[in-house]
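First up is the structure itself, then whatever we jot down about it.
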Amino acid sequence: MLARRNFLKASLAAGGGLLLTATIKAPAKAASLGKAGRDAATLNAYVRIAPDGLVTITAKNPEIGQGVKIMLPMLIAEELDVSWDRVQIDQADLDSRYPAQTAGGSTATPVNWLPMRRVGAAGRHMMIAAAAAEWGVPVSECETLTGLVLHNPSGRSLGYGALATKAAAQPVPDLNTLKLKDPKNFRIIGQPTRNIEVPRIVTGQPMFGIDVSVPGMLYAVFQKCDVHGGKLVSSNVDVIRALPGVRAAFEVKGGNDLRGLLDGVAVVADSWWQANRARQQLDIVWDEGDITGQSTADFAATASRLASGKPAMALRRDGDVNAGLAKAKTVVEAAYSYPFLSHINLEPQNCTAHVQDGKVEIWAPTQNPAPGSKLVSNTLGIPESAIKVHMVRAGGGFGRRLSNDYMVEAAWISKVVGAPVKLLWTREDDMRHDFYRPAGFHFFKAGLDGNGKLIAFADHFVTFSQNGEVAASAEMTAAEFPARLVEHLDYGMSMIPLRAPTGPLRAPRSNGLGFAFQSFLDELAHKAGVDPLQFALGLLGEPRLLPDPPGPRAGPGFHTGRMRGVIELAAEKSGWGKKSLPKGTGMGLAYYYSHLGYFAEVVQATVNAAGEITVDKIWVAGDIGSQIINPLNAENQAQGAALDGIGTALGHGLHLQGGKIVQGNFDTVLPLRMRQSPPVEVHFRVTDFPPTGLGEPALPPALPALANAIFAATGKRIRSLPIKDLDLSASA
Amino acid sequence: MHYTIEINGAQQSVDIDGETPLLWVLRDVVDLKGTKFGCGAAQCGACTVHMDGHPIRACQTPIASVGNGRITTIEAVGESRLGKLVQEAWIELDVPQCGYCQAGQIMSATALLTRTPNPTDHDINEAMNGNLCRCATYTRIRAAIKHAAEAGRA
Amino acid sequence: MKRLILAAALLAGFSFVAGAMANEKGEYLARAGDCVACHSVPGGRAFAGGLKMASPVGTLYTTNITPDPETGIGSYTLEDFDRSIRRGIARDGHRLYPAMPYPSYAKLTGSDIADLYDYFMHDVPAVRQANRANEIPPFLSPRWPLAVWNVVYTPSPGFTPDPSKDAQWNRGAYLVEGLGHCGACHSPRGTAWQEKSLDARDSSFLAGANLDDWYAPSLRANQATGLGSWSQGEIAEFLKTGHNRHAVAYGSMGDVINNSTPYLTDSDLAAIAAFLASLPATEAETAWVEDTSTAQALLSGKTDTAGAALYVSACQTCHRANGAAAPPYVPPLAGNPTVLDKDPASLINIVLNGSWPLVAKGRPDAYRMPQFREQLKDRQIAEVVSFIRGAWGNKAGAVSPQEVAALRKSTQPSSDNIVVLKMR
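Top line first, the protein sequences correspond to chains C, R and F.
Position one of the first sequence corresponds to residue 1 (the working numbering), numbered consecutively onward.
Position one of the second sequence corresponds to residue 1001 (the working numbering), numbered consecutively onward.
Position one of the third sequence corresponds to residue 2001 (the working numbering), numbered consecutively onward.
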């Protein structure tokens, strides 16, 4: 149980702050941003109520654009039974009273769905108890109605504001026995609810990490070795110190952990521009270490060589894949690959830190503040109890900000210069010092019987290792679809040693695996002469739950019926198979289960004779359980995730050369732009399963759905990404 | 060098190297942090501001080149009727996700509506293509521009 | 002999720093000749050679000219050194390929050769680095034709001042025609790859040329496509910083800015400017006159061509609706000689590949052209370049997607990596 009882220990309010109101008139029924006033009573760690009934709810998680800053308070407000327009929301710092203060893996909904509602329900229970005591009536005779406690037998009522101080003194109920609302009575959950930050966003109020300003603050840049983990030998730092505006320039000797503080040169100046201009004159001698084979071309050659042999390790073996292939009428072989990717948060990595008198104060746009605090503590030798981390809104997360390298750099630089410092990376720093989505190579072989049924399926997955272990986010599990649905199946894996650090990128693993597997399955459908929709439904079979293989990644299993449901919904909404499309236009279908969400997507795309692609439209069908908490944001997230997938497929990709990332900016990595962006229709299928998250699962099917649409349009099969590097012209 | 430039209707004097981009003068000297840094290469549009009503990238605008140009930033674009309508449309349609690019989007959208009050999809594509949204809220940006255009006709 | 004495007399007035040590003078001359740009590779040791150069006969690699006795020129006598620089004959008697601009260096005075020799022998650290073999097809590899070539195309050593011109002009001529070897890129070449002219007497000298997928513009007084509209001060400013109100250096001129001309004295730069300004136009061109209708159309959203629409979405936010951009930091497109040239190679090249950071005296410039080869198709680049060449009063012709496709194939994208060529 995440929301432990002691988090809810009631106490009276202390401290407070000014109420901030947005400068633009907020629409009706909107919550606002603000801190609780001095007179507000603290019901628990999340809820404070002022005498006038204004409810301040603390949003505990980092906000990176996923909308969690209103989603979690909606859960609390619903069960607390208050009016949403009487709610104001306050962002928590990193604070041990709050569990799981992290943004990653689309986990906020499944992890917090019940605990946050229980927090609200506990508050409501305490309000009722206080009113019942006030009136001397049994608790069972009282009920609540949007911020009021009612005693119907006597017709009396009291507002939460009037009751707050007394309610705070009530014992905290047992969270597990609290009765939660019947979903049919929800008045906040399920309502399209606007993001309360928008009025500030559209007027340019300072609110992101990069906007943080602290009195006496200096500006810093940090030059690291572009071969990750390279060691500093010497530098002309003396020359840099004399440049205009420079306050300090010094060498930093870091450690060997690529997630921590690394070797580099820090330049600190009166302005960021001066710091960065001075840094451009740095002349550093690096010891790059062994970079043998650390190039994109080498990786591809090594993967092909490995693929000609047996996989170094088996991931799954069902039946006898060779016997299956021998039996097959048609055997199909294909090699798929996808590149390294950077997260390219639009807000480059940054952090403001002030180390003073053995204490550290940090303002960080992080997805994962707790490990950051630990990293700073270990590196600077300052106890975590002396470190305060403020979570600042992040200009995009996508998994990059689960790592806290920028945080420890800012803290270290502040410690050396003895002043508050804002560290800001350039775009090139950001692209060249990321935790990359690992590239991957899949060497598939599959067998179809005379009826076009898939009877054998093999994948030799060539991925990357780091220090002998499979690199972060570079693994594949034994549950990878279509495992459990094919009689003879063999998944094996080999690894190439990698210097560059890797890590999770939105829908980690799935964002690459989905492309490879779903493209190959489409290829099989065409080879089988079966419509891809029928091929998918045939493969899935009857609705049933397929349990996950035991292991650390075992989840609740895969439900073929839920997947069928979204595939059929996507097909229906897109008019799959029912439209006659002009020459050069095609529709592609793909489906993928990740982060507990089931998604199927249809893409319609047109490719002209010159090979120029127009994505005409995307239909998204998703099943994330019984409740769409905020439909307004859900649509936005699903549209964005699908388009992110399209943009990734079309234009993202990094090359390594001699251990260094070649690309540095948006002229070589091409995120999706308005001109390329099609309409996206989103449909949810509500099912009787617990609600799950939405930041990620709509992404993976978009890439193969586009690739499959291009095949339908041109007959050209996309087996590597990004598509911008391929020639799709009629003459090619 | 000493420069006096007009920002949001007020004369601002700065003493700074003439090569310094307007972006950093806005953010770190004049303390208008709504204009964002995304790429430093005029490739993302996060730093879009208006000079004499037309969109420019502040990261590629040396302060020495501003001269008598009137600079308007996201902090003041709402003082114009169209700017205000665009901001309201963004709120109404709940456009942003992370929100980082949206100041630039709004500056480009306002400039578009100023010269083309009833933009087609093609007009929107051309005018907005230089503004990246990493969260890909393009569907709603497009809808919000049309929403603001409609409000402008009322 | 008489000529040489006269030259010495004229040049005496320009000895670069009165009382300077001879080897400092040698270093200055090595900068003026920009030897390091070709005889080093980025990140490698100065003057150790190894730079790959394309030539009509095949791929050449520049040689080690450090004083290492075995792999460099350590065993060269002054006479050997002189013969290689001014006549293109190495110590062992083999003929150098004219990628080495010895036809220009032939202009050097004996005293400057001696100073250079002194510098290379005593101030340049010896680097043991074997030369890389050239990659030349066997039927082209005999070097004896070079001897013939030299007889025909290499002038006899020494500089002959023009007595009708003043000392400043002659100093400028000496630097431009000689060490500066400006003609190596800016003068058209003939059928035998020879520069058609090596000095100011010929009207083709510095008249502009296409080399290695760049069009090095005319440095003559052509009003539109040359330096006709540049003041002498603006020419000197360009050489000192790589920037002025008309243009920003690009292509291999970046190597010149990186290590050569910004280090020259103001009086030498003024002399170069005076000399260049004196070169008459090759044809009577109308000076560029602004046509404001382009800007009005762009600002009102009236983009009637695909090129104009692309300009608005990809170029205008930096180069502005009036094409005037933000000089000297961001170059104008309106009236820029590179835009107006008949040969669009440089303009297409820059749009395709962007520009490398321009470094002057160790400091990179603040603004850089991004590459568009990944963002725009050949057709689109042709459209936008054609638009630029016809906008704001520019009167250059349209370009075809085929021209873009050819350059896309033969050129490489630039990078944001800062390269500082160092002589030590």
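We put the beta carbon where it would ideally sit given N, CA and C, even for glycine.
Taking only beta-carbon atoms, is GLN1060(R) less than 8 Å away from chain C? Along the second sequence, one-based indexing puts residue 1060(R) at 60. No, no contact with chain C.
Decide if the segment 2330-2338 of chain F is in contact with the segment 2243-2250 of chain F; the criterion is three or more beta carbon pairs, one per stretch, under 8 Å apart. Contact check between the segment 2330-2338 of chain F and the segment 2243-2250 of chain F: three or more CB pairs, one atom from each, fall below 8 Å, which counts as touching.
Answer with yes or no whether the minimum CB distance from ASN734(C) to chain R is below 8 Å. Lying before the first or after the last residue shown, residue 734(C) is absent from chain C, which here runs from 1 to 732.
CB contact below 8 Å: PRO2332(F) versus chain R: Residue numbering aside, residue 2332(F) sits at position 332 when the third sequence is read from its first letter. Taking a beta-carbon distance threshold of 8 Å, PRO2332(F) does not count as an interface residue toward chain R.
Closer than 8 Å, CB to CB, is ASP2416(F) near chain C or not? Indexing the third sequence from 1 puts residue 2416(F) at position 416. Yes, its Cβ sits closer than 8 Å to a Cβ of chain C.
Could you tell me whether any Cβ in chain R is nearer than 8 Å to the Cβ of TYR2102(F)? Walking along the third sequence from the start, residue 2102(F) turns up at place 102. No, TYR2102(F) does not count as interfacial toward chain R.
Report the CB separation of PRO701(C) from GLU601(C) in whole angstroms; it is logged as a contact under 8 Å. By one-based count along the first sequence, residue 701(C) stands at place 701. By one-based count along the first sequence, residue 601(C) stands at place 601. In this structure PRO701(C) touches GLU601(C) by the C-beta definition: roughly 4 Å separates them, less than 8 Å.
Tell me whether ALA41(C) sits in a helix, a strand or coil according to DSSP, three-state version. As a position in the first sequence, residue 41(C) is number 41, starting the count at 1. DSSP places ALA41(C) in strand when its eight states are reduced to three.
With GLY2233(F) as the anchor, note down where its alpha helix (DSSP H) starts and where it stops. As a first step, residue 2233(F) must be located in the third sequence, where it is residue number 233. Its alpha helix (DSSP H) spans residues 2232-2241.
With a threshold of 6 Å on Cβ separation, who are the neighbours of ALA26(C) within its own chain once the five nearest residues in sequence on each side are excluded? As a working note, residue 26(C) is residue 26 in the first sequence. Note that ALA26(C) scores a pLDDT of 39, beneath 50, so its modelled location is shaky and nothing firm can be said.
Please list, in chain order, the chain F residues whose beta carbon lies closer than 9 Å to that of ARG277(C). Within the first sequence, the letter at position 277 stands for residue 277(C). What ARG277(C) touches in chain F, judged by beta-carbon distance under 9 Å, is ARG2363, PRO2364, ALA2366, going in chain order.
Which residue comes first and which comes last in the alpha helix (DSSP H) that contains ARG2045(F)? To locate residue 2045(F), count along the third sequence from 1; it is residue 45. No alpha helix (DSSP H) contains ARG2045(F), which DSSP labels as neither H nor E.
Given 8 Å, three or more beta-carbon pairs between the segment 2356-2372 of chain F and the segment 2252-2265 of chain F: Short answer: they touch.
For GLY1034(R), go through chain C and note every residue whose CB falls closer than 8 Å to its CB, in chain order. In the second sequence, counting from the first residue as 1, residue 1034(R) sits at position 34. Neighbours of GLY1034(R) across chain C, judged by C-beta separation under 8 Å: THR203, GLY204, GLN205, PRO206.
Compare the C-beta of ALA1064(R) against all C-beta atoms of chain C and say whether one is closer than 8 Å. The residue given as residue 1064(R) occupies position 64 in the second sequence. Judged by the 8 Å Cβ criterion, ALA1064(R) is not in contact with chain C.
Spatial distance of GLY561(C) from LEU545(C) (CA atoms): Counting from 1 along the first sequence, the entry for residue 561(C) is found at position 561. Counting from 1 along the first sequence, the entry for residue 545(C) is found at position 545. Distance between the alpha carbons of GLY561(C) and LEU545(C): 8 Å.
Helix, strand or coil for GLY324(C)? Go by DSSP, reduced to three states. The residue labelled residue 324(C) in the question sits at position 324 within the first sequence. Of the three classes helix, strand and coil, the one that applies to GLY324(C) here is helix, per DSSP.
Cβ of GLU1075(R) within 8 Å of any chain C Cβ: As a first step, residue 1075(R) must be located in the second sequence, where it is residue number 75. Closer than 8 Å: yes.
Give every residue of the same chain whose Cβ lies closer than 6 Å to the Cβ of PRO532(C), excluding the five residues on either side of it in the sequence, and list them in chain order. Taking the first residue of the first sequence as position 1, residue 532(C) is located at position 532. Cβ contact annotation for PRO532(C) (same chain, cutoff 6 Å, sequence separation greater than five): ASP522, ALA525, LEU589, in chain order.
Once DSSP output is grouped into helix, strand and coil, what is the label at ILE70(C)? On the first sequence, position 70 is the one that residue 70(C) refers to. Correct three-state label for ILE70(C): helix.
Considering only C-alpha positions, which residue in the set PHE443(C), ALA483(C), ARG437(C) is nearest to LEU454(C)? The sequence position of residue 454(C) within the first sequence is 454, counting from 1. If you compare the alpha carbons of PHE443(C), ALA483(C), ARG437(C) with that of LEU454(C), the shortest gap goes to ALA483(C).
Can you list, in chain order, the residues of the segment 278-290 of chain C whose Cβ is nearer than 8 Å to any Cβ on chain F? Near chain F, meaning a CB-to-CB distance below 8 Å, the residues of the segment 278-290 of chain C are GLN280, GLN281, ASP283.
Spell out whether any CB of chain A is found under 8 Å from the CB atom of ASN665(C). Any reference to chain A falls outside this structure, whose protein chains are C, R and F.
Note the first and the last residue of the continuous beta strand (DSSP E) segment covering ALA505(C). Taking the first sequence and counting its residues from 1, the one referred to as residue 505(C) is at position 505. As written in the sequence, residue 505(C) is Leu, which differs from the Ala given in the question. No beta strand (DSSP E) contains LEU505(C), which DSSP labels as neither H nor E.
Where GLU1006(R) and GLY1069(R) are concerned, what is the direct C-alpha to C-alpha distance, given to the nearest angstrom? Sequence index remark: in the second sequence, residue 1006(R) carries index 6 (1-based). Sequence index remark: in the second sequence, residue 1069(R) carries index 69 (1-based). Their Cα atoms are separated by approximately 7 Å.
Could you give the uninterrupted runs of the alpha helix (DSSP H) lying entirely in the segment 166-212 of chain C, keeping only those of 4 residues or more? Residue ranges of uninterrupted alpha helix (DSSP H) with 4 or more members, entirely inside the segment 166-212 of chain C and ordered along the chain, are 198-201.
For ASN152(C) and SER96(C), what's the separation of their Cα atoms in angstroms? Position 152 of the first sequence holds residue 152(C). Position 96 of the first sequence holds residue 96(C). For the pair ASN152(C) and SER96(C), the Cα-to-Cα distance works out to about 41 Å.
Which partner residues does ASP751(C) have in the DSSP bridge list? The structure shown does not extend to residue 751(C), since chain C spans only 1 to 732, so no value can be given for it.
SER1108(R): which of GLU1092(R), ILE1091(R), VAL1077(R) sits nearest, CA to CA? Start at 1 with the first residue of the second sequence, and residue 1108(R) comes out as number 108. Per the Cα distances, VAL1077(R).
Minimum C-alpha distance to SER2293(F) - residue among GLY2208(F), SER2400(F), ALA2321(F): By 1-based counting over the third sequence, the position of residue 2293(F) is 293. The shortest C-alpha separation from SER2293(F) is found at ALA2321(F).
May I have the straight-line CA-CA distance separating LEU448(C) from GLY693(C), to the nearest angstrom? The residue given as residue 448(C) occupies position 448 in the first sequence. The residue given as residue 693(C) occupies position 693 in the first sequence. In this structure, the straight-line span from the alpha carbon of LEU448(C) to that of GLY693(C) is close to 36 Å.
Note down, one range per segment and in chain order, each alpha helix (DSSP H) of at least 4 residues found wholly within the segment 232-298 of chain C. Entirely contained in the segment 232-298 of chain C, the alpha helix (DSSP H) runs reaching 4 residues are, in chain order, 237-241, 272-279.
Residue(s) in a DSSP beta bridge with GLY1009(R): On the second sequence, position 9 is the one that residue 1009(R) refers to. For GLY1009(R), which the question treats as bridged, DSSP gives no partner whatsoever.
On the CB-based measure, 16 or more other CB atoms within 10 Å of its CB, does SER234(C) come out buried or exposed? Stepping through the first sequence from its first residue, residue 234(C) is reached at position 234. Taking a 10 Å sphere around the C-beta of SER234(C), we find fewer than 16 other C-beta atoms and assign the residue as exposed.
Mark THR366(C) as exposed unless 16 or more other C-beta atoms lie within 10 angstroms of its C-beta, in which case mark it buried. Position 366 of the first sequence holds residue 366(C). Buried is the label assigned to THR366(C), since at least 16 other Cβ atoms lie within 10 Å of its Cβ.
Where do the N-terminal and C-terminal ends of the alpha helix (DSSP H) with HIS2319(F) fall, by residue? By one-based count along the third sequence, residue 2319(F) stands at place 319. That run of the alpha helix (DSSP H) goes 2316-2319.
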